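Remarks on the structure that follows.
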Amino acid sequence: TGVQLSITEFYRSE
Amino acid sequence: MLELRLVQGSLLKKVLEAIRELVTDANFDCSATGFSLQAMDSSHVALVALLLRSEGFEHYRCDRNLSMGMNLNNVSKMLRCAGNNDIITVKADDGSDTVTFMFESPNQDKIADFEMKLMDIDSEHLGIPDAEYQAIVRMPSSEFARICKDLSSIGDTVIISVTKEGVKFSTAGDIGTANIVCRQNKTVDKPEEATIIEMQEPVSLTFALRYMNSFTKATPLSETVTISLSSDLPVVVEYKIAEMGYIRFYLAPKIEE
Numbered sequence: 025t026g027v028q029l030s031i032t033e034f035y036r037s038e
Numbered sequence: 021m022l023e024l025r026l027v028q029g030s031l032l033k034k035v036l037e038a039i040r041e042l043v044t045d046a047n048f049d050c051s052a053t054g055f056s057l058q059a060m061d062s063s064h065v066a067l068v069a070l071l072l073r074s075e076g077f078e079h080y081r082c083d084r085n086l087s088m089g090m091n092l093n094n095v096s097k098m099l100r101c102a103g104n105n106d107i108i109t110v111k112a113d114d115g116s117d118t119v120t121f122m123f124e125s126p127n128q129d130k131i132a133d134f135e136m137k138l139m140d141i142d143s144e145h146l147g148i149p150d151a152e153y154q155a156i157v158r159m160p161s162s163e164f165a166r167i168c169k170d171l172s173s174i175g176d177t178v179i180i181s182v183t184k185e186g187v188k189f190s191t192a193g194d195i196g197t198a199n200i201v202c203r204q205n206k207t208v209d210k211p212e213e214a215t216i217i218e219m220q221e222p223v224s225l226t227f228a229l230r231y232m233n234s235f236t237k238a239t240p241l242s243e244t245v246t247i248s249l250s251s252d253l254p255v256v257v258e259y260k261i262a263e264m265g266y267i268r269f270y271l272a273p274k275i276e277e
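Protein chains in written order, with my numbering: chain U, 25 to 38; chain G, 21 to 277.
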């Protein structure tokens, strides 16, 4: 049910 | 040279139990600020950020910034050998490929040294900017754990909706559906039993219950949990660690196909 987004779609590598 | 002495050693044991299900290997970073960790689960859906501030340790010596790669199951094996009332000291020499955990019983009649091999971990460090959240819910951590456990026996995902009425946790599965509404409740005997909802605007997001349940392993660390929600951000589930810092779990939402 639904598509699981990834954390890396929200936060960038430092 | 690194030497961190934590009188309340049980805190470190609880921290490991809180994160080891989510993350297998991680770098523990030591700096003048404190002892910290940031790691994602293997599928990069969830992230854990831990901070134990230097002021919270009885003794904190960190001559230079140090990153120590550890297998969390192995750390947990070591820390389970410490008594709940033991004082724990973490020691490492510069350039060493081992870390030593020292356990002292409260009356100093038993002292144990456990040396563990470090490992090289190539991990990504993400920048997490401060954000304004549409809704922030603070509630008893045991209540949140109970809700996640109960809902996961019905469905795989939870919809968390915050409105003026309160916070609603909903799920659906093959056998049926479930909705649990918690209303704001400030009139309780103890502040830690309160449910407090700060809402800028209504928000509703869907998350995998498997991860939420894993976050609730941090329940023994804090009597309350704070859930911060915004429609364009991962949810933040935060457990404050008294006097020392926090453990924050970030979970990316699920969206409609």
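Glycine included, C-beta positions come from ideal geometry on N, C-alpha and C.
These figures come from a predicted structure and were not determined experimentally.
Checklist entry - Out of curiosity, what's the CA-to-CA distance linking Val-95 (chain G) and Glu-152 (chain G)? => result Translated into positions along the second sequence, residue 95 (chain G) becomes position 75. Translated into positions along the second sequence, residue 152 (chain G) becomes position 132. Computed Cα separation, rounded: 35 Å.
Item to check | Cβ separation of Ser-30 (chain G) and Asn-104 (chain G), assumed to be a contact under 8 Å, to the nearest whole Å | outcome: The residue given as residue 30 (chain G) occupies position 10 in the second sequence. The residue given as residue 104 (chain G) occupies position 84 in the second sequence. The C-beta distance from Ser-30 (chain G) to Asn-104 (chain G) rounds to 5 Å, short enough to fall under 8 Å.
Checklist entry - Excluding five sequence neighbours on each side, which residues of the same chain lie with their C-beta closer than 6 Å to the C-beta of Ala-59 (chain G)? => result Locating residue 59 (chain G) in the second sequence gives position 39, counting from the first residue. Shown here for Ala-59 (chain G): same chain residues with a beta carbon closer than 6 Å to its own, the five before and five after excluded, namely Val-43, Ala-46, Val-68 in chain order.
Checklist entry - If we count the other Cβ atoms within 10 Å of its Cβ and call it buried at 16 or more, is Arg-10 (chain G) buried or exposed? => result In the structure as shown, chain G starts at 21 and stops at 277, and residue 10 (chain G) therefore has no counterpart that could be examined.
Item to check | For Ser-181 (chain G) and Ser-224 (chain G), believed in contact at Cβ under 8 Å, the rounded distance | outcome: Residue 224 (chain G) sits at position 204 when you count from the first residue of the second sequence. Residue 181 (chain G) sits at position 161 when you count from the first residue of the second sequence. Taking C-beta atoms under 8 Å as the contact rule, Ser-224 (chain G) and Ser-181 (chain G) qualify, at a distance of about 4 Å.
Item to check | Proximity test, Cβ basis, 8 Å: Ile-195 (chain G) and chain U | outcome: Stepping through the second sequence from its first residue, residue 195 (chain G) is reached at position 175. Ile-195 (chain G) does not count as touching chain U.
Next on the checklist: Quick check on Lys-274 (chain G) - is its C-beta less than 8 Å from some C-beta in chain U?
Outcome noted: Reading the second sequence from its first residue, position 254 is the one you call residue 274 (chain G). Closer than 8 Å to some Cβ of chain U, the Cβ of Lys-274 (chain G) qualifies, so yes.
Next on the checklist: Quick test of your reading: Leu-24 (chain G) and Gly-89 (chain G), contact by CB under 8 Å. State the CB separation rounded to the nearest angstrom.
Outcome noted: Residue 24 (chain G) sits at position 4 when you count from the first residue of the second sequence. Residue 89 (chain G) sits at position 69 when you count from the first residue of the second sequence. About 17 Å separates the beta carbon of Leu-24 (chain G) from that of Gly-89 (chain G), a gap too long to meet the 8 Å contact definition.
Checklist entry - Between G:Lys-274, G:Tyr-270, G:Gly-76, which lies nearest to Tyr-35 (chain U) when the distance is taken from Cα to Cα? => result Counting from one through the first sequence, the residue named residue 35 (chain U) turns up at place 11. Ranking G:Lys-274, G:Tyr-270, G:Gly-76 by Cα distance to Tyr-35 (chain U) puts G:Tyr-270 first.
Item to check | Residues of its chain near Leu-57 (chain G), where Cβ-Cβ distance is below 6 Å and the 5 sequence neighbours each way are ignored | outcome: As a working note, residue 57 (chain G) is residue 37 in the second sequence. Closer than 6 Å at Cβ, skipping near neighbours: Ala-46, Phe-48, Leu-70.
Checklist entry - How would you label Arg-203 (chain G), buried or exposed, when you count the other beta carbons within 10 angstroms and need 16 or more for buried? => result Counting from one through the second sequence, the residue named residue 203 (chain G) turns up at place 183. By the neighbour-count criterion, in which 16 or more other beta carbons inside 10 Å mark a residue as buried, Arg-203 (chain G) falls on the exposed side.
Item to check | Element boundaries [alpha helix (DSSP H), containing Ser-161 (chain G)] | outcome: Numbered from 1 along the second sequence, position 141 holds the residue referred to as residue 161 (chain G). Taken as a continuous stretch (DSSP letters only), the alpha helix (DSSP H) holding Ser-161 (chain G) covers 161-172.
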